[in-house]
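Following: one structure in structure tokens, then a few remarks.
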Amino acid sequence: MSLGLLLIVAFGGSLLTYLLGKVSARTRDAFAVLISLALVVMVASLYGKAFRVPFYGGFLGMPLVLRIDGLSWLFAIAASVLGCLSVVFSLGYMKGKERTSFYYSMLLLVIAAMLGVVLSGDLLSLFIFWEIMSWSTFLLISYNGGPALAAGMKYFVMSFVGSLAMLAGVLTLHGSFGTLEFTGVAAGMSSASPGYVLAILVLFGVAFGTKNAIWPFHAWLPPAHSEAPSPFSAVLSGILIKMGVYGFLLLMFVIVGLRTFLSLGVGRIEFHTVLSIIGAITILLPTFIAIFQNDAKRLLAWSTVAQAGYIILGISFGTSLSVAGGMFHFLNHAVFKALLFMVVGAVEYRTNGVRDLDSLGGLIKRMPVTFIVAVIGVCGLIGVPLTNGFVSKWLIYKTLILERSPFLAFAALFGTWGTILYSYKFLHNIFLGQLPQRYEDMERAPFTMLLPMTILSVVVVLFGVLPGIPLAVIDTIGVSFGFESLHVTPWGIASDTGALNTVNMLVAALVGLVVVWCVFRSGARSVSVGQADSYAAGAAVPRDKYQYSVRFYAPLRRMMAPYLKDFVDSFYMRLAGWVRGLGDGLRRIYTGYVGDYVMYILVFLAVLIFVQIAWSPW
Amino acid sequence: MSFLHDYVYYIGAFGLVAIGLLIILVKRNLIKLIIGLSILDTGVNMFLISVGYIRRGTAPIFSRPGLEPDGMVDPVPQALVLTAIVIGVAILALALALAVRFYKTYGTLDLRKAKELRW
Amino acid sequence: MRILWFVLSPLMALAVGLFFLGLSRRFMARIQWRVGPPLYQPLIDILRQFTQKSVSHGPLFDLGVVLSLASSFIVVLFMPLGGTAPLSSSGGLLAVLYLMLLGPLGIALSGGEAANPNVSIGISRKLILAVGYEVPFLMIVLALMTYYGTISIGEIVAAQRESASAIASFPLVFSGIAYLLILPAMLGVRPFEVVGAAQEISSGPAAEYGGPYLALATIQHGLTMFIGISLFVNLLWGGASNPVVFFLKMLVVFAFGFWVNAAFPRLRVEQAVRYLWRWPTLIAFVGLILVATIGR
Amino acid sequence: MVSPVLLLAVPLGLALCVPLVGRVSRRAAGFVPVIASLFNLVVSIRLLPTVLEEPIVANLGGFPPPFGITLFAGPVGMLLSALIALAGLVVSLYALSYIKTGPTVRYHTLYMLLLVGATGVVLTGDVFNLFVFFEILCISSYALVAYVGDRAGIEASVKYLIQGALGSALLLIGIGLLYGLFGTLNMADIAARIDSVDSVPVFVAMALIVVGLGVEAAIFPLNAWLPDAHSSAPSSISAILSGIAIQVGLYAVVRMVFTVFGASSVLLFFVFLGLLTLLIGELCAFAQNNIKRMLAYSSIGQMGLIMFALAIATTGSVTGGLFQMVSHTLSKALLFLAVGYMVYRSGSLEISSLEGMGRRMPLTSFAFTIGVFSLVGLPPFIGFPSKLLIVRSALAEQGVLLQVLIGLVLLATVIEGAYFFRVIQTVYFKKEEGQEARQDAPPMALLSMFVFVAFIVVIGVYPNLITDVLESGASELLERANYIGSVLG
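As you go down the protein sequences, you meet chains U, R, S and H in turn. Heads up: the first sequence begins at 114 in my numbering, then just goes up one per residue. Heads up: the second sequence begins at 78 in my numbering, then just goes up one per residue. Heads up: the third sequence begins at 2 in my numbering, then just goes up one per residue. Heads up: the fourth sequence begins at 23 in my numbering, then just goes up one per residue.
Here it is in structure tokens:
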């Protein structure tokens, strides 16, 4: 299977989808699904391969190369599968919306660009695909109009700053080593001075960090994720921002190299420790901001920032366990966060776009399957044992503890408790509590939505029970980075300082559940009653009047709100205001009176001549 | 006095240029401004002429025997000035045409009144 | 032997948990100059509740309670109760930390389906309170794990048996004190009983429960107490070589954790969190810093 | 052997034929510029391979240099003349449908004169001849700016004329000074003897010439006319002014500074000036609500960027600068053409009035989007390789200074991206009030826009198509000795 063909299918599919949309909507939908499925199959068939192919002779003298190895395969398969599921989900979600051809074609373009990013074998093609990814994402984020415009703008500006930093980095590398292929640059980097390597890391770090939304580059993510169409939010949160993770992995362990990376720093401050601390901040702050969000998608968006913190913490901590945990968490987060965004999408679809946590409730009665997958997704997000999130977080915690970094571990663990708070709020305010009367006749989510959600929830449990499947792949990647191998077993990790065995837990859980269930059923039977028939100390609980989902964590909010200002974001906004003010002030030199303009010309001339005569610089 | 004598044409030329620039700088009336431009142009043309001018030189035509190239006025600047004059006239014509339109549109020739395009 | 513990641990936890419930009622009664119910009263209540009819609000309403109780039993399986833990090598203390939250979560999901505002309020308070005591609790646990360099409870117990128990050794004494300070909050007794405040929000999360549901919820409550106390005994007091000693140690800790019950009025949830984030957190933090800097 | 003289003679002759043709058929007059530009394009492209090997030096009237007027057709000249012809062709196609009212015959005459002037400036090897062609370019653009005859057009034209006339007067003084100093008007001849004269008068001459040409080249602070003129002219003229006229001005500045004066020590000053122009242009554009004015300020910024790149004066950076010229011509002309019809349909220049254009004029909006992407420098469009080259060559230079400066350039690019993408959002994603029926630009206009789109994409994907020309253009600009040698023999 050639990589060029894969990309041609991906990019060509995107274009054709748009053109087909002009012919017939049904054909287009079928074609989009087909293309995305084909991509999954093609990527899957590349499993275990490692090779490189030049595909473009010389772009301004720089040859472009594609390559595949374990790392890029992992990201490619995640991107293509999530992309495919998102396209399927869109079939229902986008029905009746305007400009659907554009939507599908952009969605496929984003997927294609992501595949391009992970399959690039040199930094220039990486950058090119990166930029294509950025602008197509911008178009999709802005798609909904209204508040989405500001969100898209913020995304674009921040991501553009990042990619320009990356451009500077790429071209600096080209200037130094004359090649941009990973192997060549890696060879050059091994003998480069630490200061140089650090500068390169920072330049690229801005780009990858912005995409991955680590603090303090996270400001674009909450609005962008919450305003984008939900199936795209799933892609965005699930895989697109993970391109930053890919970039970091590539940079740290392929280009810079493990040993250099770990020893890098200014004085006693090690770079990777600083990055870990940033990761910890990225966990804590957004988690607690997420708790007080009232928009379901914004809550998930902040949660995404926080989870990105875990990933960064994992991969920058730089032990074999932590990097494996970081990579695994990327995969897991892709699965469960996509799932949760789809859940919101399904709810949005049935409630005509309502995602305000204060006005939903009780939907478990109307959308039971959606609720079940939501619970599974939330469990994965929290990291409940026997779901995938547990394993990856466990790996990260364990290595942090064993490497004597209790404060980072505290941030990670405490972040999890925050996660419980917002996850429960998410579940409760959408699915539990009273069902408002206006949703009483609501239908279930359509099949095209349930299918991807179900698949994802199965994966959440599967990876939780048999984490060895993905961990084996991740372990190979880790070994290729130069880490020692983990002792991966199908159900966990065997090690001296505390092993992980999910099968034991599974058995215990099943036995426990069955036993308790039997005991429970042995008691007196209960009568099924409607939900309004509840105990209220003798008073009737009125419908639609009394809903304790509003201000769910009010006491905590009263305590914490003053400390949870997103000052980074307000700083950026103020900065944008300043720039606009500066522009507004500057343009006042063009006064409109031609006499002033004449004066500018003559003064400029006079200054030129005066300077020359006074100092004769020439 | 020989300085003045030698450079009188240059002084004159730059005097005209200075007057022209001054008018353009301080006047707000479009017509006066155009007049300023015209004076500036004249000054520039005069400057060009004086570059090639030789006192008591002859026309650069070998019309009579005994004429030496050394004593001839440089013909190139004259050719240049001819062209420059033509260009100047073109600009002048266009400017005056615009001035008419300007007056019709704004009802005034004061350029300070025409500040709609700014910033 | 391990197989035996698989059966023994839950049974012991069940018995001790119910005993603690009975003991606490008796304890309160004595302080208030009453005779109080007999120690086996919770057992009688539970058996009676199993025969009573009740209402159900849906499948999740049933499943949540079951899940809650089952997960509490699984946590017990991770604990060495004066012997080896049945699930010793399956994730260690980190897994326990996670599994401990499944109990409240199960109740929360179950109660959520009931659409009773009191339940929601109770759950909200429970989660906030948990955030309150988890800060010092995590610091304590992290200090222990870092100090002993393992995430396995069994190894922590073994390490203490070789030297002194943690609460008696220098940096960890802070963690021990902090644990004792937050123990009432973890057990959910009086000053911190905002969650199930009977007079205010009709027992909060349990407001909708009757019959078998209430029975299961009661057992779960007993198990929660058991877990909280046995964690202390295992992690900080060196565990025990046999179940009897373990039980006696638990009794001491229980008494220590419970005396405040009678002495203080109920706190509001913010007051509780504020308390938890002040002294216990500070002390636990000092312990953690000492562990991180000095080490073993 | 085709002579480059034809590039001037044929269009000039045809320009004068336009009124005659116009007497026969007003419609037919519009096709004359098409034919002339097509002719120029074909000739330029046919000559390109030849000039890549050796520049063609044509002497008008058969006088050998330095006595007669010389035409110097090197790679740069040919490249720009081809570019002028291409833009001229496309815009004249566009004008066939866009320019319907008013004195159309005169429009076409002036338009052709403008093109002739521009071609003349890039081909001439004679300083005074440069001035003449420059004036042809300027005068026709003064007139064309006022073509519509509305308030804004008149005002802009008057202001443009005053500043332009002042500039050309200064330029003429500078040329006079040069002649006085060297007694010759041939660029190569002056260049060969530039070091033989005291530096102060030469510098004054250079300052005068730079300022005079700089007015047209939109160098800050000489560019005050530009936003007015570009925003008030008919959009086809804005396209030509932004895409061709100011670049030709900049070319003239560069030719004088690089080749004639060989002033390598003032280049750093031009680097800063370019950066300043770039930043001010982008910042002003950022605060604009008027779409055409925004595009005009963006042109200022782009000119700054080109100047920045050229003034670094390494082969790579000059290649990048020339590439950016090509890319700017294509992109900005495309933007003006697209905006022309959008504004025509919406009846307002406010950016907010473009809401819903994505639905009303999908193809035009698409072309606009491509232009924006290209101008901002996103792959796979032409702006990407050009910006890439500039940044690469600037980073390849030793020294922290340029690296800091390139940081500022990138920052300006961010600002540029921000204001342009805001427009994209307005065009496509703002929810408009009333649904208006789909009414795209007429086919001829669309055709012309999509010619640009095709070039933007093709060169964006295969930049190597033109890099050879650009590189030899760069060496032509940088190596004075070769220039002098090839003209004077």
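C-beta atoms are modelled at their ideal positions from N, C-alpha and C, and glycine is treated no differently. Just so we're clear, the structure is a prediction, and the values are computed from it rather than from any experiment.
Legend entry - Contact belief for serine 264 of chain H with asparagine 312 of chain H at Cβ below 8 Å, rounded distance in angstroms: Between asparagine 312 of chain H and serine 264 of chain H the Cβ distance is about 15 Å, and since that is not below 8 Å, they are no contact.
Inset, instruction - Please name the residue in U:Phe374, U:Val231, U:Ser505 whose C-alpha comes closest to that of phenylalanine 596 of chain U. - result: U:Phe374
Inset, instruction - Leaving out five residues on either side along the sequence, give the residues of the same chain with a beta carbon under 6 Å from the beta carbon of alanine 172 of chain R. - result: Ile111
Legend entry - C-beta contact flag for glutamate 271 of chain S and proline 668 of chain U at 8 Å: yes
Legend entry - tyrosine 169 of chain U (DSSP reduced to helix, strand or coil): strand
Inset, instruction - Give the DSSP bridge partners of valine 681 of chain U, in chain order. - result: In DSSP, valine 681 of chain U forms no bridge with anything.
Legend entry - threonine 567 of chain U versus isoleucine 489 of chain U: straight-line alpha-carbon distance, rounded: Cα to Cα, the separation comes out at about 10 Å.
Legend entry - Near-chain U residues of the segment 8-33 of chain S - C-beta to any C-beta below 7 Å: none
Inset, instruction - Assign arginine 68 of chain H to one of three DSSP states: helix, strand, or coil. - result: helix
Legend entry - Closer than 8 Å to chain R by CB, glutamate 177 of chain H: Yes, its Cβ sits closer than 8 Å to a Cβ of chain R.
Inset, instruction - From the DSSP output, read off the bridge partner residues of glutamate 372 of chain H. - result: The partner list for glutamate 372 of chain H (beta bridge, DSSP) reads H:Asn312.
Inset, instruction - Consult DSSP for methionine 555 of chain U and reduce its assignment to one of helix, strand or coil. - result: coil
Legend entry - Straight-line gap, leucine 417 of chain H to leucine 364 of chain U (C-alpha atoms, nearest Å): 20 Å
Inset, instruction - Check the Cβ-Cβ distances between threonine 292 of chain U and every residue of chain H, and say whether any is below 8 Å. - result: no
Inset, instruction - Output yes or no for whether 8 Å exceeds the beta carbon distance between leucine 152 of chain H and glycine 196 of chain H. - result: no
Inset, instruction - Could you tell me the distance, in whole angstroms, from the CA atom of lysine 511 of chain U to the CA atom of valine 310 of chain U? - result: Looking at the two C-alpha atoms, the distance is approximately 30 Å.
Legend entry - Sub-8 Å separation of isoleucine 129 of chain S and serine 69 of chain S beta-carbons: no
Inset, instruction - Measure the C-alpha to C-alpha separation of lysine 453 of chain H and serine 287 of chain H and round it to an integer number of angstroms. - result: 54 Å
Legend entry - Length of the line joining the Cα atoms of leucine 314 of chain U and serine 304 of chain U: 15 Å
Legend entry - CA-to-CA distance, aspartate 217 of chain H to isoleucine 131 of chain R, given in whole angstroms: 26 Å
Legend entry - Proximity to leucine 563 of chain U [Cα-Cα], best of U:Pro260, U:Ala637, U:Leu204: U:Leu204
Inset, instruction - Starting from proline 77 of chain H, trace the beta strand (DSSP E) both ways and give me its first and last residue. - result: Note, proline 77 of chain H: premise wrong, no beta strand (DSSP E); not H, not E.
Inset, instruction - Note the first and the last residue of the continuous beta strand (DSSP E) segment covering serine 73 of chain S. - result: From DSSP, serine 73 of chain S is part of no beta strand (DSSP E) but of the alpha helix (DSSP H) over 60-79.
Inset, instruction - Find the residues of chain H that neighbour leucine 107 of chain R, judging by a C-beta separation of less than 9 Å, and give them in chain order. - result: Val180, Ile184
Legend entry - Local conformation of proline 39 of chain S per DSSP, three classes: Here proline 39 of chain S sits in coil by DSSP.
Inset, instruction - Could you tell me which of U:Leu371, U:Leu236, U:Ser289, U:Ile402 sits nearest to leucine 677 of chain U, measuring between CA atoms? - result: Ranking U:Leu371, U:Leu236, U:Ser289, U:Ile402 by Cα distance to leucine 677 of chain U puts U:Ile402 first.
Inset, instruction - Within the same chain, show all residues whose beta-carbon is closer than 8 Å to that of phenylalanine 247 of chain S, passing over the 5 residues directly before and after it, in chain order. - result: Leu82, Gly83, Ser231, Val234, Gly240, Ala241
Legend entry - Distance, glycine 212 of chain S Cα to valine 627 of chain U Cα: 19 Å
Inset, instruction - Closer than 7 Å by C-beta to phenylalanine 443 of chain U: which residues in its own chain qualify, once you throw out the five before and the five after it? Chain order, please. - result: Only residues of its own chain outside the window of five on either side were considered, and among them Lys355, Val358, Ile424 have a CB closer than 7 Å to the CB of phenylalanine 443 of chain U, listed in chain order.
Inset, instruction - State the CB to CB distance for the pair leucine 545 of chain U and alanine 437 of chain U, rounded to an integer number of angstroms; the pair is presumed to be in contact (CB under 8 Å). - result: That pair is no contact at about 36 Å.
Inset, instruction - With 8 Å as the threshold, decide whether the Cβ of asparagine 235 of chain S is near any Cβ in chain U. - result: With 8 Å as the cut-off, asparagine 235 of chain S does not count as an interface residue toward chain U.
Legend entry - Span of the alpha helix (DSSP H), counted from its first residue to its last, around alanine 95 of chain H: That residue, alanine 95 of chain H, is in no alpha helix (DSSP H); its beta strand (DSSP E) goes 92-95.
Inset, instruction - Using only the heavy atoms of the ligand COA, determine whether one of them is closer than 7 Å to the beta carbon of isoleucine 382 of chain U. - result: As presented, the structure is devoid of all ligands, the ligand COA included, so that no description of it is given.
Legend entry - 4-residue-minimum alpha helix (DSSP H) runs that sit fully inside the segment 147-182 of chain S, ordered along the chain: 154-163
Inset, instruction - List the residues of chain R whose Cβ lies closer than 8 Å to the Cβ of arginine 700 of chain U, in chain order. - result: Trp196
Inset, instruction - Answer yes or no: do alanine 331 of chain H and isoleucine 412 of chain H have a C-beta to C-beta separation smaller than 8 Å? - result: yes
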